[in-house]
């Protein structure tokens, strides 16, 4: 849980690969939080691979 602030910061990284891996990490560290965040973040995400990670969260 101590890593959550660092992971959440990476959700806004310019790189889609970094954002996708941050979503993946968030879904492993805090699955319920990831599901809650997915509801809003998937809609604003422009990259399809990151949207896929949000949909898997």
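Residue numbers (our numbering): 1 to 57. Ideal Cβ positions, reconstructed from N, Cα and C, are used throughout, including at glycine.
Coarse secondary structure for residue i, derived from DSSP in three states
i: residue 9; result: helix
i: residue 2; result: coil
i: residue 45; result: coil
i: residue 57; result: coil
i: residue 20; result: helix
Nonlocal neighbours in the same chain, by C-beta distance under 8 Å from residue i, ignoring five residues either side
i: residue 1; result: 29, 30
Close-in-space but distant-in-sequence residues of the same chain around residue i (CB under 6 Å, 5 per side omitted)
i: residue 26; result: 7, 34
i: residue 77; result: Because residue 77 is not part of the residues shown, which for the chain are 1 to 57, the question remains open.
Beta carbon of residue i nearer than 8 Å to that of residue j
i: residue 4; j: residue 23; result: no
Contacts around residue i, its chain only, beta-carbon distance under 7 Å, and the 5 residues preceding and following it disregarded
i: residue 17; result: none
Residue range of the alpha helix (DSSP H) that includes residue i
i: residue 14; result: Counting along the chain, residue 14 falls outside any alpha helix (DSSP H), and DSSP gives it neither H nor E.
Residue i: CB within 7 Å of a non-hydrogen atom of the ligand NAP
i: residue 15; result: Ligands displayed in this structure: none; no statement on the ligand NAP is therefore possible.
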